[in-house]
Amino acid sequence: MFRNLAHLKKYFIRYKTKLVLGIIFILGSNLANVYIPINVMQSIDSFSKQLDIQVIVNLVILLLIAATISNVFRFFIRQTIIVVSREIEFDLRQDFWTHIQKLPLRFFQNNSTGNIMSHATNDIAAVRMYVGPAVMYTIDNGIKFILTFAVMISLSPILTLYALLPLPLLSFVVYFVMKKMHVKYTRIQEKISDLTTKAQESFSGIRVIKSYEREDHEIKEYTKESAEYLNRKMDQVKLQAMFMPVFFMIAGLSAIIVVLTGGNMVINKTLSIGVIVAFMLFLVDLIWPMISFGWVANMIQQADASMKRLLKIFNEPYEISNEDTDYSMQEIKGDIEFKNVSFRYSENLPWILKNLNFKIKHGQTIAFVGHTGVGKTSLINLLPRLYDVTEGQVKIDGHDVRKIPLEVLRKNIGLVPQEAFLFSDTLEKNILYGLETENQSLVDKVSGISQLSKDVDSFPLGYQTILGERGITLSGGQKQRSTLARALAVDPKILILDDSFSAVDTNTEEEILKKLKDFMNDRTSIIISHRISTVKDSDKIFVIDQGEIVEEGNHEELVAKGGIYSDLNTKQLLEKELLEMN
């Protein structure tokens, strides 16, 4: 029934010593608790035969000792089992984070950030409640029930049988409710993911929301999602509300049976009053386990639903790994070859790249030009293995990139993506993100090449300025130049600029390209751009259309051909002339 939770076995084994100690403490606490009704029974029977105040004094002293021992053990129970639950929560979160970091880009494109965040927070928290309180109360209540049942049987097997008559009814109710609860908790967790996704998107797109005055619209949309969550939660609460009174009814039914049956046995002098009192105390002692059983059942159902969602993530394949790697390759020179390369994102989607064949020699500057959506970014994503080819081979220095260790491959490729992403940290740490050590002289050097240093001089704290989330405190051009500096800081053998100057003015762009030429001497540079001015000085330019290379050559050769490149060049020259006239 709870096969999803069975996957937590390895974590329990990891902390088996503490868990065994916790079980011993639970046993000790319950032994002390069971002694209390027995002591009361003996005192009542003794007091009924001989009225002696010393009997009451002894009873009080023994009750205090038993209660103290029980509560001391309770303290150690929490110091073991609850602490273990926090340690398992930490391990599970670390395993989740490690697995997420190794998943391919494809996974993140198919799953929203809010959904992933919900897994990392709400689902793991629900599982923690299972490995902590739920496990603790299950063991505690199980031992309590076994000990209590054993003592009750020893005192009066017949009365015990009558007292436990309602148990089959309890079993039926538990089975029915838990089956329904599992479905409801799954739907609740899914809606929490939707809410988290909606909130994350709204916060990330707050500029757009305010620009279009869509605050009220977003409030309505969030309210709608929140209302649906409330409805699903209320369905679960209604079921839970029905569950608890049933438990009390069953407990009350047991008490009534004990009073009627036990009273009759006392009248017939086959049972003492002390035994009846002990039975009532035992039943009172079992009320909390019965109540908590419903609570624990809810936690288990919620944890099972959450673990099922987590396992979907854990079962996601890495796809891109070092499985067939040749670890003898530790350096990259920069020769690149695409051999019969075709690519698509999945089997049911159209081909993005079709049978590409070309070579790039190290030290060359190569450019790819084409209209939006023709596959330029998909092409360069194959080099650092952000995706693997569907057909054909991508080679660096004559080796299939799948044979080169990922760490070696990616540390030698400096990728400046279309969307400049910066972390909410200092500018210096963003620039040195790909390195393990601080190096101020390197920061100054790459900032100079990327024409960022002149902007940094105007920042109040210079390179120690804290950037907002996604670098929101910087302009578009400053963000692009910061990401360029970050790519240069790793001293790459291959530099890829994916439309990285779209927010940079042409004069600054010219200065950057001039300095890049010196820095990238004897290294391979790949430029993707819509601007002809950015790529015209490249050693070779490839024009891509519909996933295929339709033109290639240098600037002069392509202009002379009168094809796609020539048309782009003519349009951009005309735009430039019109701007100058205005």
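Just so we're aligned, residue 13 is where the sequence shown starts under our numbering, counting upward by one. Quick reminder that beta carbons are idealized off the backbone N, C-alpha and C, glycines included.
Pull up the DSSP beta-bridge partners for residue i, would you.
i	result
E335	Partner(s): none; E335 has no beta bridge.
D557	E560
L509	V428 and I539
H411	I408
I372	I348
T377	S537
G565	I553
S354	E403
I484	According to DSSP, which records beta bridges pairwise, I484 is partnered with nothing at all.
Tell me whether the beta-carbon of residue i lies closer than 7 Å to the beta-carbon of residue j.
i	j	result
N334	L418	yes
G426	L507	yes
P178	S266	yes
F119	E328	yes
V143	I100	yes
K203	Y241	yes
D517	G382	no
V562	V571	no
V270	F291	yes
I285	V278	yes
T485	V428	no
A309	M190	yes
R535	G404	no
V287	L167	yes
V96	Y27	yes
V67	S60	no
I35	I151	yes
V195	A379	no
G559	G410	no
Comparing alpha-carbon positions, which option in the options lies nearest residue i?
i	options	result
H131	P116, F59, T208 and L117	T208
S541	Q430, E359 and I218	Q430
A501	V562, L439, F554 and E521	L439
S354	V401, I372 and V386	V401
K232	D247, K210, M246 and V249	K210
F102	V84, S82, I89 and A137	A137
R15	L395, I312, K466 and T337	I312
L447	P49, G489, A499 and R321	A499
G154	Y47, S82, S168 and L39	L39
S453	A497, T477, R482 and R422	A497
K373	T133, L434, D551 and Y339	D551
D338	T582, V420, K466 and I112	V420
G385	P396, I378, K407 and P362	P362
E227	K236, S214 and E237	S214
T477	A253, L434 and I170	L434
T110	V458, L398, Y330 and P301	Y330
F513	S487, R535, D530 and F531	S487
Y399	T377, S82, N369 and I332	I332
N566	D549, I170 and N581	D549
Q376	N360, V455, I539 and G264	I539
L76	G126, V96, I221 and A44	A44
M598	A317, F184 and N424	No information on residue 598 is available, as it lies outside the stretch 13 to 594 that the chain covers here.
A317	Q106, T29 and K192	K192
I325	E349, F108 and E359	F108
L479	D437, G489 and F471	D437
T160	G460, K588, K526 and P49	P49
Note down the Cα distance separating residue i from residue j, rounded to an integer number of angstroms.
i	j	result
R356	Y149	52 Å
F544	A239	Correcting the residue type first, residue 544 is Ile in the shown sequence and not Phe. The alpha-carbon atoms of I544 and A239 are separated by roughly 52 Å.
N42	I262	23 Å
Q91	V289	34 Å
R140	I364	44 Å
V258	I299	12 Å
Y197	A146	16 Å
L20	A315	11 Å
I576	N442	38 Å
Y445	P504	14 Å
L74	N51	8 Å
D469	S537	29 Å
L586	Q492	27 Å
N367	L391	12 Å
D297	M319	33 Å
P396	R422	5 Å
H229	E564	49 Å
L464	G217	26 Å
K457	N393	27 Å
F88	R321	33 Å
K526	G489	17 Å
Shorter than 6 Å, the distance from the beta carbon of residue i to the closest heavy atom of the ligand FMN, or not?
i	result
S340	Ligands are entirely absent from the displayed structure, and the ligand FMN is therefore not among its contents.
Which whole runs of the alpha helix (DSSP H) in the region 66 to 114 are 4 residues long or more, in chain order? 95 to 114
Starting from the N-terminal side, write out each stretch of the alpha helix (DSSP H) that is 4 residues or longer and does not extend beyond the region 177 to 247. Contiguous alpha helix (DSSP H) elements confined to the region 177 to 247 occur at 179 to 216 and 218 to 223, taking only those with 4 or more residues.
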